[in-house]
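Residues 406 to 697 in the numbering used here are what the sequence shown spells out, letter by letter.
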Amino acid sequence: MGTAAYVELWSKDPASADALIKQVQAEFERINQLMSPYIASSELSILNAKASSESISVSPELFQLLQRAAEISTVTKGAFDITFASVGFYYDYRQHKKPDASQLQQAKQLINYNSVLLTAPNQVRYAKQGVKVDLGGIAKGYAVEQAIQLLAKAGVKHALVTAGGDTRLLGDKLGFPWLVAIKHPRQEDRYAAQLPLIDTAISTSGDYERYFIEDGVRYHHIIDPSTGKSSTGLLSVSVIGADTTYTDALSTSLFVLGLQQGMQLIETLADYEAIFIDENKNMHFSSGLAQD
Numbered sequence: 406m407g408t409a410a411y412v413e414l415w416s417k418d419p420a421s422a423d424a425l426i427k428q429v430q431a432e433f434e435r436i437n438q439l440m441s442p443y444i445a446s447s448e449l450s451i452l453n454a455k456a457s458s459e460s461i462s463v464s465p466e467l468f469q470l471l472q473r474a475a476e477i478s479t480v481t482k483g484a485f486d487i488t489f490a491s492v493g494f495y496y497d498y499r500q501h502k503k504p505d506a507s508q509l510q511q512a513k514q515l516i517n518y519n520s521v522l523l524t525a526p527n528q529v530r531y532a533k534q535g536v537k538v539d540l541g542g543i544a545k546g547y548a549v550e551q552a553i554q555l556l557a558k559a560g561v562k563h564a565l566v567t568a569g570g571d572t573r574l575l576g577d578k579l580g581f582p583w584l585v586a587i588k589h590p591r592q593e594d595r596y597a598a599q600l601p602l603i604d605t606a607i608s609t610s611g612d613y614e615r616y617f618i619e620d621g622v623r624y625h626h627i628i629d630p631s632t633g634k635s636s637t638g639l640l641s642v643s644v645i646g647a648d649t650t651y652t653d654a655l656s657t658s659l660f661v662l663g664l665q666q667g668m669q670l671i672e673t674l675a676d677y678e679a680i681f682i683d684e685n686k687n688m689h690f691s692s693g694l695a696q697d
């Protein structure tokens with residue numbers, strides 16, 4: 406999934422704990438093999454290769470995640486859009502590559518979440534040639550959530566699973582809150598905040614995760630579906646709520662929407678809160694956090 410994962414849990418039996426951590430590793434790899442756009446045999450890669458020409462049958466698991474992605478796209482009025490990959494695949498942040506003006510103009514017309522047609526039973530087709538899908542804005546959160554549910558079913562009461570900017574907490578840390586840090590978006594060795602949290606999820610999206618700078622412009626991986634370019638106006642957004650799949654997608658969405666529209670949206674979503682860091686490194690809290 407292009408990031409490191411970390412697991413922490415409490416158990417009386419070291420052998421059992423080691424076995425559970427191996428199960429979490431295996432679960433992450435299973436989901437990676439299913440949903441990675443970089444693995445040619447993954448279901449997602451097969452979709453991207455064939456679904457513009459024919460209807461493809463996928464696993465119920467992938468179909469349900471695509472359904473959730475579509476629901477979040479509707480809620481965010483397209484700020485979350487997995488077809489951003491139609492432009493996104495032109496970017497290579499390690500190689501400092503970006504689409505030229507012609508490629509951008511053509512490819513951004515393919516960004517439209519309504520082009521991913523989902524029909525029962527578990528059939529997927531793309532409405533236009535050239536459409537590509539990337540689940541990078543939701544799959545890590547989904548994997549973290551699945552890992553925590555695996556541990557909960559095994560009887561674990563206290564655990565933390567994190568991957569990239571997505572963290573899910575199970576219970577507390579033996580009578581104390583877990584302390585979860587939000588990275589400072591411009592200083593690698595500093596935190597912007599540390600939050601005491603219990604039995605919840607938190608996801609952070611920032612313009613510092615995958616990027617390069619050229620001619621003073623920061624090109625980063627959070628693409629605005631309306632332009633096909635890197636979103637501007639914020640440095641990071643963190644979302645706190647019950648489900649890591651949802652916090653993952655929401656943090657991306659709010660980053661794209663910007664401070665004003667993002668704050669308006671998060672205030673309509675019960676049980677979810679957000680922290681925005683703007684271009685001036687000022688922090689803004691949704692009302693539920695501001696009251697705390």
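By construction, the Cβ of each residue, glycine as well, lies at the ideal position given by its N, Cα and C atoms.
C-beta contact flag for residue i and residue j at 9 Å
i: Ile628; j: Val661; result: yes
i: Val536; j: Ala456; result: yes
i: Leu659; j: Val644; result: yes
i: Ala597; j: Ser631; result: no
i: Leu602; j: Trp583; result: yes
i: Leu605; j: Leu574; result: Position check: residue 605 holds Thr in this sequence, whereas Leu was assumed. Yes, the pair counts as a contact, with Cβ atoms nearer than the cut-off.
i: Phe485; j: Ala568; result: no
i: Thr649; j: Gly546; result: yes
Chain D within 9 Å of residue i, Cβ atoms only
i: Thr657; result: No chain D is present in this structure, which holds just one protein chain.
Sequence-distant residues of its chain with Cβ nearer than 7 Å to residue i (five each side left out)
i: Leu471; result: Val521, Leu523 and Val529
i: Phe494; result: Lys537
i: Thr673; result: none
i: Asn453; result: Pro442, Lys537 and Val538
i: Ser692; result: Glu672
Neighbourhood of residue i by C-beta distance below 8 Å, restricted to the same chain and skipping five residues each side
i: Tyr498; result: Arg615, Tyr616, Phe617, Tyr624, His625 and His626
i: Lys417; result: none
i: Ser446; result: Gln438
i: Ala420; result: none
i: Pro590; result: Ala597, Gly611, Asp612, Tyr613, Leu640, Ser641, Ile682 and Lys686
i: Pro504; result: Val492, Tyr495, Tyr496, Ala512 and Gly633
i: Met688; result: Ala597, Ala598, Ile680, Phe681 and Ile682
i: Ala695; result: none
Cα-Cα separation, residue i to residue j
i: Glu684; j: Trp415; result: 39 Å
i: Leu467; j: Leu439; result: 8 Å
i: Thr652; j: Lys562; result: 22 Å
i: Ala424; j: Ala409; result: 19 Å
i: Asp697; j: Leu655; result: Annotation note: pLDDT 49 at Asp697 (below 50); position unreliable, coordinate value reported separately. Their Cα atoms are separated by approximately 21 Å.
i: Glu476; j: Leu670; result: 14 Å
i: Lys588; j: Ser460; result: 42 Å
i: Gln511; j: Glu413; result: 46 Å
i: Met406; j: Arg435; result: 11 Å
i: Lys482; j: Asn517; result: 11 Å
i: Ser462; j: Leu449; result: 11 Å
i: Lys558; j: Gln469; result: 21 Å
i: Asp571; j: Ile451; result: 26 Å
i: Leu600; j: Gln534; result: 45 Å
i: Arg595; j: Thr479; result: 36 Å
i: Tyr531; j: Thr637; result: 29 Å
Residues near residue i by beta carbon distance below 6 Å, same chain, minus five either side
i: Pro465; result: Asn527
i: Leu509; result: Gly633
i: Ala552; result: Val429, Glu432 and Val566
i: Gly667; result: Leu659
i: Ala474; result: Ile487 and Ile543
i: His501; result: Phe617
Rounded distance between the beta-carbons of residue j and residue i, thought under 8 Å
i: Ile607; j: Val585; result: 6 Å
i: Asp620; j: Ala647; result: Rounded, the Cβ-Cβ distance is 42 Å, inconsistent with contact.
Quick check on the DSSP output: what are the complete beta strand (DSSP E) runs of length 3 or more inside the segment 462 to 533, in order along the chain?
At a cut-off of 3 residues, the continuous stretches assigned as beta strand (DSSP E) that sit fully inside the segment 462 to 533 are 521 to 524 and 528 to 531.
What are the uninterrupted segments assigned as alpha helix (DSSP H) that are 4 or more residues long and contained completely in the segment 606 to 643, given in chain order?
Fully enclosed alpha helix (DSSP H) runs of 4 or longer: not present.
Going along the chain, which unbroken runs of the beta strand (DSSP E) with 3 or more residues stay wholly within the segment 523 to 582?
Runs found: 528 to 531, 564 to 568 and 571 to 575.
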